[in-house]
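Those letters in the sequence shown? Residues 1 to 317, per full-length UniProt numbering, in order.
Backbone N, C-alpha and C fix where the C-beta goes; we use that ideal spot for every residue, glycine too.
Data block below; observations after.
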Amino acid sequence: MSEHSANPSTAAATGRPRAVKAVIPAAGLATRFLPATKAVPKELLPVVDRPVLQYIVEEAAQAGIGDVLLITGRGKTSMVDHFDRRPDLEERLAQKPDLLAAVKRTEELAAIYTCRQPEQLGLGHAVGYAESHVGDQPFAVLLGDEFVKPSEPLLPAMLELQARTGGVVLAFFEVDPAETKRYGIASVEPAESELTDIGEVVKVTGMVEKPTPEEAPSNLAVLGRYVLPGKIFDAIRRTPPGSGGEIQLTDAMELLRTEGTPVHAIVYRGTRYDTGMPLGYLQTVVQIAAEREDLGTEFRKWLTDFVNTDASGGPNT
Ligand code: UTP
């Protein structure tokens with residue numbers, strides 16, 4: 001599939017436009033990854049030889065989104081540099097076509113725009129800064145520390161679902177019921193039958209932040225992808241600080257839902273990489289390295305030897 005072929009610009013059933021812009025909120029302090037993230041944004045941590053953020057922009061581009069707004073904060077402007085042109089480097093790489101292509105690819109993925117969230121007052125607050133770029137059109141939000149396997153895409157179905165409903169579209173993944181305390185968990189009911197050709201679609205009836213297994217209404221956890229209607233900005237303005245004193249995107253979406261905006265979600269059963277903390281990041285690096293055509297065979301062999309021999313002196317033996 002070519003990068004821009006997955007997005008006919010309107011939903012066949014409604015003629016409503018599909019979202020064509022993405023917002024990546026990446027202004028957070030990344031406390032779970034300190035001290036690495038004191039000076040390096042977590043979005044720039046490398047997974048093999050590409051920063052996490054590049055995988056995310058590639059995910060947007062693959063879904064036909066060619067306009068990406070990065071919400072950045074203090075010490076994070078290097079994220080934008082990654083997508084900038086480097087004529088000096090390109091000149092040096094003239095005799096190294098593979099590296100040259102890899103460098104040029106970062107420049108050609110999408111048009112990258114940026115704005116700053118001056119204070120880290122929450123995800124909802126960060127998304128609010130996208131209003132002047134996005135206007136009243138629907139748009140996708142991709143959190144900057146999570147991405148999905150390119151061969152198992154999620155965004156195209158979410159964009160289609162949003163164009164059909166005109167409402168809020170989320171994505172969920174199933175978690176072990178004992179683990180609900182780590183996630184936002186949804187309560188759901190079956191979706192309208194005319195939406196089910198898009199994928200495993202559910203209608204959202206509520207959301208609870210980090211419930212205990214006893215309180216959890218399901219084991220469906222919120223994944224870091226949203227497709228939102230332009231009216232979310234007004235809802236964010238009307239949303240008071242919530243959990244942790246932050247302006248929560250979940251609260252703004254819940255406000256819209258209680259006022260009658262439909263909220264649906266796709267249940268994603270593909271592979272999701274969560275790089276927001278050290279364990280998930282390590283798992284991501286190992287999985288992607290093991291699958292790489294150029295490195296995979298050698299890396300898997302080394303990993304097997306390591307697990308069978310060198311690692312046997314670890315803490316569990
Ligand atoms: P997280 O809750 O993961 O926060 O934010 P964080 O700062 O990235 O990481 P921890 O929890 O301290 O380790 C979810 C997403 O929202 C963005 C983050 O950059 C991340 O992509 N965010 C969060 C903002 O852009 N601004 C904020 O004020 C808060």
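Closest in alpha carbon position to Pro-41, among Ser-78, Val-23, Val-20, is Ser-78. Phe-147 has its Cβ no nearer than 7 Å to any heavy atom of the ligand UTP. Counting every other CB atom within 10 Å of its CB across the protein chains shown gives Gln-137 a total below 16, marking it as exposed. Scanning the segment 68-92 for uninterrupted beta strand (DSSP E) segments of 3 residues or longer gives nothing; none is fully contained.
Here the segment 143-154 lies against the segment 59-71, with 3 or more beta-carbon pairs under 8 Å apart. With a cut-off of 7 Å, the C-beta of Thr-31 is classified as near the ligand UTP, since at least one heavy atom of the ligand falls inside that distance. Annotated as proximal: Leu-256 and Lys-231, with beta-carbon spacing under 8 Å. Looking at the DSSP output, Leu-109 bridges to nothing. Of all C-beta pairs linking the segment 122-142 to the segment 261-278, fewer than three are shorter than 8 Å, placing the two stretches out of contact. For Arg-164, the enclosing alpha helix (DSSP H) starts and ends at 155-165.
No heavy atom of the ligand UTP is found nearer than 7 Å to the CB of Gly-245. Partner residues in the beta bridge of Phe-147, as assigned by DSSP, are Tyr-273. Taking the Cα of Arg-116 as reference, the smallest distance to any Cα among Arg-74, Arg-164, Ala-110 is reached at Arg-74.
With contacts defined as CB atoms closer than 8 Å, Met-158 and Arg-225 qualify as a contacting pair. In this structure, Leu-143 has its CB closer than 7 Å to one or more heavy atoms of the ligand UTP.
Where Ala-221 is concerned, the enclosing beta strand (DSSP E) starts and stops at 220-228. Relative to Leu-143, the option among Gly-206, Leu-161, Ile-71, Thr-114 whose CA is nearest is Ile-71. C-alpha of Leu-161 to C-alpha of Lys-301: approximately 42 Å in a straight line.
DSSP, read as helix, strand or coil, puts Ala-265 in strand. The bridge partners DSSP lists for Glu-209 are Gly-184.
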